[in-house]
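2 protein chains.
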Amino acid sequence: MKKLLFALLVLGFSVDSFSQAEDSIFLKRISDYILVNGKSYDDLRVLTKQVGARLSGSAGMYKAETWGLKTLQAAGADNAWLQECLVPHWVRGGKDEVTALYKNSKKSLNVLALGNSNSSGKLLTKEVIEIKNFAELEAKKNAVKDKIVFYNYPFNNAFISTFLAYRDAGVYRSQGPSRAAKYGAAGVIVRSMSHSTDNNPHTGATAYNDSFPKIPAVAIGLQDADWLSNQLKNTTVSVGLSTHGKFLPDTIGHNVIGELKGTEFPNEYITIGGHLDSWDAAEGAHDDGAGCVQTIEILRAFKALGYKPKRTIRFVLFANEENGLRGGNKYADEAKAKGEKHIFALESDAGGFTPIGFGVSASETQFEKISSWKSLLLPYSPAEIRRGGGGADIGPLARTQGTPVAGLSPDSQRYFDYHHAANDVFENVNKRELQLGAINMAALVYLVDKYGL
Amino acid sequence: MKKLLFALLVLGFSVDSFSQAEDSIFLKRISDYILVNGKSYDDLRVLTKQVGARLSGSAGMYKAETWGLKTLQAAGADNAWLQECLVPHWVRGGKDEVTALYKNSKKSLNVLALGNSNSSGKLLTKEVIEIKNFAELEAKKNAVKDKIVFYNYPFNNAFISTFLAYRDAGVYRSQGPSRAAKYGAAGVIVRSMSHSTDNNPHTGATAYNDSFPKIPAVAIGLQDADWLSNQLKNTTVSVGLSTHGKFLPDTIGHNVIGELKGTEFPNEYITIGGHLDSWDAAEGAHDDGAGCVQTIEILRAFKALGYKPKRTIRFVLFANEENGLRGGNKYADEAKAKGEKHIFALESDAGGFTPIGFGVSASETQFEKISSWKSLLLPYSPAEIRRGGGGADIGPLARTQGTPVAGLSPDSQRYFDYHHAANDVFENVNKRELQLGAINMAALVYLVDKYGL
Chain H
131 MKKLLFALLV LGFSVDSFSQ AEDSIFLKRI SDYILVNGKS YDDLRVLTKQ VGARLSGSAG
191 MYKAETWGLK TLQAAGADNA WLQECLVPHW VRGGKDEVTA LYKNSKKSLN VLALGNSNSS
251 GKLLTKEVIE IKNFAELEAK KNAVKDKIVF YNYPFNNAFI STFLAYRDAG VYRSQGPSRA
311 AKYGAAGVIV RSMSHSTDNN PHTGATAYND SFPKIPAVAI GLQDADWLSN QLKNTTVSVG
371 LSTHGKFLPD TIGHNVIGEL KGTEFPNEYI TIGGHLDSWD AAEGAHDDGA GCVQTIEILR
431 AFKALGYKPK RTIRFVLFAN EENGLRGGNK YADEAKAKGE KHIFALESDA GGFTPIGFGV
491 SASETQFEKI SSWKSLLLPY SPAEIRRGGG GADIGPLART QGTPVAGLSP DSQRYFDYHH
551 AANDVFENVN KRELQLGAIN MAALVYLVDK YGL
Chain V
131 MKKLLFALLV LGFSVDSFSQ AEDSIFLKRI SDYILVNGKS YDDLRVLTKQ VGARLSGSAG
191 MYKAETWGLK TLQAAGADNA WLQECLVPHW VRGGKDEVTA LYKNSKKSLN VLALGNSNSS
251 GKLLTKEVIE IKNFAELEAK KNAVKDKIVF YNYPFNNAFI STFLAYRDAG VYRSQGPSRA
311 AKYGAAGVIV RSMSHSTDNN PHTGATAYND SFPKIPAVAI GLQDADWLSN QLKNTTVSVG
371 LSTHGKFLPD TIGHNVIGEL KGTEFPNEYI TIGGHLDSWD AAEGAHDDGA GCVQTIEILR
431 AFKALGYKPK RTIRFVLFAN EENGLRGGNK YADEAKAKGE KHIFALESDA GGFTPIGFGV
491 SASETQFEKI SSWKSLLLPY SPAEIRRGGG GADIGPLART QGTPVAGLSP DSQRYFDYHH
551 AANDVFENVN KRELQLGAIN MAALVYLVDK YGL
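Line by line, the protein sequences are chains H and V. Numbering (the working numbering) for the first sequence: 131 to 583. Numbering (the working numbering) for the second sequence: 131 to 583.
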């Protein structure tokens, strides 16, 4: 490489183009290493198939922490440790069931209780009322008492980014149960946050409002949602609903952290991460096994290529993103308490799909600096640098010390086919798409480490 | 819409920004129509599950032609017809088998004869010699006589675009058999053109050189290729190879064409297309069912939105791309014979994945004009407009009358997981990714129709 760089200099390249060429060569080395020798896909197989589901407080969480620590050490971390934090301990408690009763017939519907939701106690048999949106709920507030409210607000397919559809519909999952309870509803069925063509229900956290009864709530698969809506056009439908969710006392969980010590500015920190927890119904392959194994892959690539970072780089598998964010909060709190200066944080928590670029929340100057690296990133993705973005787990760093944050933006078309559903499994992750995400993250972190922000 | 346009004018927008706003609004209408009401995914289900495989000359080809004509008519074509052409009629003739014989053991390997390849006649039992590349073949040319040459040239994973890996490795499939036959080899096993993690063999056309014996040739799944290579490190391996391919006489096939007549320049033609044929081993969902149903979707969207094109737009399902290109040649020949002026052609034949942009083969002026539309396309894809590209079926138009051509460029990471293999099925196509391809194609065709090239 030295010969090439010398040749470039002799040919009259400026220091800037010298740096650009050097950077370009190093990014290609990262890419080659990950695409040819990368282990993220193998890591993901172990995390999903041997560890499996890993909801906060579950045995899977502890197994995952042990796996994470060992894997970060094996990848070459200078130091690796567990950072303790209390995590909520919600359990599903049994098999969620909803049976539709109509015209002397019965049909079992494909449902999954929402995360954090309560047990129905005994089997709850009630009439169903379909509610298209909150405006309709308000209009029909006198009609929902003692009924099961069926929120049938569909994903808006017209959005190009599926995350916009999620944001649009997501309020029915988070706020729907308490808003129905306010008017006396006995339970809630929410159309799954998805536009998949299958019938898998998609769980995810709901947030009860303490002012109202905490009624049981389930997500329903899209085919069954359409079926139920069609039935309700012609007839009365009751359902027998049975859920078993409850909170056990908070328990001990951990962020799993690996570190490469900075050689020039060891007291400046860059954090890369994903979250280690998943919902209980699946393997959490895209959400967020992908982000975890990409994070570890970057550490492995830096070590394998002999890269000695200027700044201290932290590789963090965060605890409890799904239903509490205790890991992200703990990490930021401890950073603040220790006076650590965090100059940048990057998260991957939107699936292991082909990367499109990054969403960045930073000052205008920092945003411009990151944008100026676009040509270096372009060989590895469309390198769209957009304003706004980051990640749930690194948000607390931004809030507590103004750290500029970014989130990897993968192609979003398939994410909500799998998100929080039983089909979020290893088989639905493509090896090269996963690796390309790691390459783009490694490239951005390398540039931030080298040039600062 | 008129009110909005009027308001924009009043606000002082120039004619250019007026046009831009009008275009932007129409492209959004196309996008909304396809994402919300599109039928391409349903069409693909019928084409793959009810029609199925459709190799040139097979019963499936005729079924597909009938389906295509009916579907173009139903989508609203002003005219739709079959354009006759002779097509080659290669048949697989039976189940391809390769059994490895080693250390008193046997193992059946997962293989598929290459398209256009010959029967082995009787079971051929010969020793295997592994050949890494053509340089090694030349070095070992005296050692291959009467053996089965096993070309084990892997896809280069370091390429970001998988089509570069395909181009790099593809010569072993196309030229490998005859180059081995030149030195007396009895048969050939080619490592599949893929970097998938499964064991499906990937077929595809080979091209015999008439100067040498036309020896039987199969593709082998990657896991079995690695297994065979490992065995050969330690021991001698023979295989029993049996294939049954042959050519029947050329037969009659058809391009299936739908047309919307131009209102201002009816004698200027724009062609959009994909190819209707597929290999026999699978449903041809990505290759190229996707391109066919996207083509029909664009016609349907234009009709539904009341779009009256200035130029005549042809929606073409080409015959015989896989092993002859007779359909594309016939289309260009007839266009030339009739003096049709083809101002642009666009093909989708790289899978139904999320689009990245277009590859364009055109004059510098035309390329710049297409590039100037990038901001209009950006809401629907990264809109990367790259030099070079088109499609096999529209290549003859470019050659015979210099028509500028473009090819939709979808994300390429998964394409060679499925290409020409048994898993190129409906289930591996994502509805929204498929639709986004159609949206981007429709947008480009709309702009070319409106502004010319």
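C-beta atoms are modelled at their ideal positions from N, C-alpha and C, and glycine is treated no differently. Please read these numbers as outputs of a predicted model, since none were measured by experiment.
| Query | Result |
| --- | --- |
| Could you run through the region 538–554 of chain H and flag, in chain order, every residue whose CB is less than 8 Å away from some CB of chain V? | D541, Q543, R544 and D547 |
| So W211(H) is in the beta strand (DSSP E); what residue range does that whole segment cover? | N209 to V221 |
| Can you tell me whether G168(V) is buried or exposed, with buried defined as 16 or more other CB within 10 angstroms of its CB? | buried |
| Look up I387(H) in the DSSP assignment and give the residues it is bridged to. | W211(H) and V446(H) |
| For the region 163–176 of chain H, list every residue whose C-beta sits within 8 Å of some C-beta in chain V, in sequence order. | L165, V166 and Y171 |
| Kindly indicate which residue of V367(H), D328(H), A349(H) and K271(H) has the alpha-carbon position closest to the one of R303(H). | A349(H) |
| To which residues does DSSP link H472(H) through a beta bridge? | Y399(H) |
| Taking C-beta pairs closer than 8 Å, name the residues in chain H that K179(V) reaches, listed in chain order. | The contacting residues do not exist; K179(V) stays about 14 Å from chain H at best. |
| Any C-beta of chain H within less than 9 Å: which residues of the region 282–293 of chain V qualify? | N286, N287, A288, F289, I290 and T292 |
| Could you please tell me which residues of the region 560–572 of chain V, in chain order, have their CB closer than 8 Å to any CB of chain H? | N560, K561, R562, E563 and L566 |
| For F342(V) and K363(V), what's the separation of their Cα atoms in angstroms? | 30 Å |
| For E394(V), count neighbouring Cβ atoms within 10 angstroms of its own Cβ and tell me buried if that reaches 16, exposed if not. | exposed |
| If you run the structure through DSSP and keep just helix, strand and coil, what is P284(V)? | coil |
| So with Cβ pairs under 8 Å, would you call P485(V) a contact of chain H? | no |
| With DSSP collapsed to three states, give me the class of M131(H). | Per-residue confidence for M131(H) stands at a pLDDT of 47, beneath the threshold of 50, marking its modelled position as unreliable; the derived number appears in the next sentence. Here M131(H) sits in coil by DSSP. |
| What is the DSSP secondary structure of T196(V), counted as helix, strand or coil? | helix |
| Nearest-angstrom Cα distance between T365(V) and D340(V)? | 34 Å |
| Is the beta carbon of Q375(H) sitting closer than 8 Å to the one on A243(H)? | Note that residue 375(H) corresponds to Gly in the displayed sequence, not to Gln. Yes, Cβ-Cβ distance for G375(H) and A243(H) is below 8 Å. |
| With a Cβ-Cβ cutoff of 8 Å, do I319(V) and V228(V) count as a contact? | yes |
| Could you please give me the residues that DSSP links to L371(V) through a beta bridge? | V228(V) and L254(V) |
| What first and last residue would you give for the alpha helix (DSSP H) that runs through S322(H)? | No alpha helix (DSSP H) holds S322(H); DSSP gives it neither H nor E. |
| With 8 Å set as the bound, which would you pick, yes or no: does the beta-carbon of P534(H) sit closer than that to a beta-carbon of chain V? | no |
| Taking C-alpha atoms, which residue in M191(H), W409(H) and E152(H) lies nearest to N453(H)? | W409(H) |
| So what does G489(H) bridge to, in DSSP terms? | R516(H) and G537(H) |
| Near R184(V), what residues of its chain come up, given a Cβ to Cβ distance below 8 Å and the 5 sequence neighbours on each side ignored? | G190, M191, K193, A194, L406, D407, S408 and G414 |
| Against chain H, which members of the region 507–524 of chain V pass a CB distance test of less than 8 Å? | P509, Y510, P512 and E514 |
| In chain order, what residues of the same chain lie with their CB nearer than 8 Å to the CB of K236(H), ignoring the 5 residues before and after it? | T229 and A230 |
| Under 8 Å between the Cβ atoms of Q353(H) and Y232(H)? | no |
| State whether the region 566–576 of chain V contacts the region 415–428 of chain V, with contact taken as three or more CB pairs (one from each stretch) at a distance under 8 Å. | yes |
| When you compare the CB of T373(V) with every CB in chain H, is at least one pair closer than 8 Å? | no |
| What are the start and end residues of the beta strand (DSSP E) that includes V348(V)? | A347 to I350 |
| Tell me the DSSP secondary structure of F432(V) in three-state form. | helix |
| P331(V): which of H550(V), W220(V), V559(V) and A572(V) sits nearest, CA to CA? | H550(V) |
| What number of angstroms, rounded off, separates the C-alpha of G388(H) from the C-alpha of A207(H)? | 5 Å |
| Using a Cβ-Cβ cut-off of less than 8 Å, list which residues of the region 197–223 of chain V approach chain H; keep chain order. | none |
| Going by Cα to Cα distance, which pick from K200(V), S250(V), N234(V) and W211(V) is closest to G224(V)? | S250(V) |
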